[in-house]
Structure formats: C-alpha cells, structure tokens
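All remarks here apply to the structure that follows.
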Amino acid sequence: MNDQGHLVTRVYGLDVNPERAGLVRKVLSISSAMAFLEFANFIYSSTVNDVDMAWSIWPLIFGLMIPACGYFGAKNSSRELISWFIGCSGCVAIAVIISLSRLYDVYSDASDSDRDSMSHSIVVASVLSIPTLILAIAGVCYGSELQSKREHIIVRSNQQQRQQAVPQVTINVQQQPGVYGHQMPQPAYPPQSPYGGYPPPQGGYPANYPPPQAYVQQPMQPQQAYAQQQYVQASAPPPVVAYAQPVDKSSYT
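Under our numbering, the letters of the sequence shown match residues -5 to 247, in that order.
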C-alpha cells in the first residue's frame, strides 16, 4: 500500500495496480527477452558468419527499438509507445514466418550434399527465429490487452516518490493596490478617528462615535439660476366704449 492508500504491487521498481501487475510484468519480460535475442543474433552474425560490424550494428539498433517501446510503454503507461510495440511486433512475426518458410523451401529443394552444409544454418536460424516468433506474437496479444487497460494502471517511479516525499511550500502573495498599474487614491482620515484611520465598518459608524470628516456629507451649494428670456408678443388693449344716457332735469329743481 502506498502513501495514498492504494494497494500496489512492486514490478521492476514500479508501484502497479495488483490487478494489472501480471500483465505489466509479462510485457516487460517479453521486451527484455526480445532485447536478449537481438544481442544474441548480433553476436552470432559478428563472430560465426563473419559479418562486418558496421553492417550488423544497424539491425541491432533497429531491433532494440521494438523491445524499448514495449518496456518504456509499459513502464510509463504510454499509449503511443505501446501502439508502436504492438505494430512492430506484428511486423516481426510476419517477417519471421516468411523467412522460415523461404528457408525451408530452399532446404527441401537442395540436393543431399547441399543439405549437409545447410543443416547447421537451419538449426541456428530455427533456434533464433522460433523464439522471436513466439515473443512477437505474445507481444501483440499482451500489448493489446495492456493498451486497453492502460487507464487502470497505477504507475509511479522512484523519482516521483522522492518528489512527493519533499514537502511543497506555497506562498500566496496578494497583489497590493498601487504596486502594479495605477496608484489607487487613498481617502484622508483624521487622527482623531476612533478607528485609527481605517475605513468604516460594514453598516456604518455607531451612534456614539461621530464619523470622520471625510465621510460627512457636505451640503449642496446653491447654484446661480439663469432665467431664460421669453419672447411674448405684445397685443393692443381692448377698446373703451362710451354709452350716453338721458338725464332727468326735473330732479334738479
């Protein structure tokens, strides 16, 4: 069990899910065996067949790429490397089958004298090719199964364990106003403020403490009103009408 509470199984120095540990171990073992056969073929070609070292080193390099993809693909749970391992293993299996069939065809068509000279080559080719064919087919099968279950594998290397063991210290730095960008204007607070120059609390000041002068609402100053001139059309006064009434002169005597 690791430090996160998961049940793990150690496979080649890796912490792996116990349900996938056997599958990962098989892929890693197949890749290691394929690399061993490549070295054996390189040694045989360089010593027994008297092949030039420059011509035999390139097949070794390309041959080691296939088990390297399987090994590091299973170790790092990489979909791309596992896919390359599956595809290249399938190509190797097909190439070995074609090579063995062609070799046995040539051996069967050869004469008795030629068969005696070819018997040693047939045995060596069979010893190197048949295990390679078996490992290639096994690599395709187990590699495909590992790729389908890759998401359920818990893989953690020793370097990641050491990094997780070191405590991580995080410092949260808050950006102060005025440090970056424009300067924020600060209101002026009088020294006699009961809050020591800090902004008022939420809800305003209490009744027994008068608010600072900076927060007293200033009365509105009267502004000079400007009368707009109205143009009124002047009209003539109505005419005066006089009415004459008769006077009774007998009342004056």
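Quick reminder that beta carbons are idealized off the backbone N, C-alpha and C, glycines included.
As the structure is a computational prediction, the values presented were derived from the model and not from experiment.
Residue i: first and last residue of the uninterrupted alpha helix (DSSP H) it sits in
{"i": "LYS143", "result": "Per DSSP, LYS143 belongs to no alpha helix (DSSP H) and is neither H nor E."}
{"i": "ASP99", "result": "73 to 103"}
For residue j and residue i, believed in contact at Cβ under 8 Å, the rounded distance
{"i": "SER113", "j": "LEU94", "result": "Between LEU94 and SER113 the Cβ distance is about 15 Å, and since that is not below 8 Å, they are no contact."}
{"i": "LEU22", "j": "ILE76", "result": "That pair is no contact at about 12 Å."}
{"i": "PHE79", "j": "GLY133", "result": "6 Å"}
{"i": "SER83", "j": "GLY137", "result": "7 Å"}
{"i": "GLY57", "j": "GLU32", "result": "4 Å"}
{"i": "LYS143", "j": "ARG14", "result": "6 Å"}
{"i": "GLY64", "j": "ILE116", "result": "29 Å between Cβ atoms; not a contact."}
{"i": "PHE36", "j": "LEU17", "result": "Between LEU17 and PHE36 the Cβ distance is about 29 Å, and since that is not below 8 Å, they are no contact."}
{"i": "ALA119", "j": "LEU97", "result": "6 Å"}
Any non-hydrogen atom of the ligand MG closer than 6 Å to residue i Cβ
{"i": "LEU17", "result": "Of ligands this structure carries none, so the ligand MG is not represented either."}
Closer than 7 Å to chain D by CB, residue i
{"i": "TYR136", "result": "Absent from the structure: chain D. Only one protein chain is present."}
Any chance the region 79 to 89 sits against the region 101 to 109, with 3 or more Cβ pairs inside 8 Å? no
Would the region 128 to 145 and the region 15 to 35 be scored as touching if the rule is three or more Cβ pairs under 8 Å? yes
Give the list of continuous alpha helix (DSSP H) stretches no shorter than 4 residues that lie fully inside the region 10 to 39. Segments of the alpha helix (DSSP H) lying fully in the region 10 to 39: there are none.
Complete beta strand (DSSP E) runs within the region 106 to 139 (minimum length 3 residues, chain order): none
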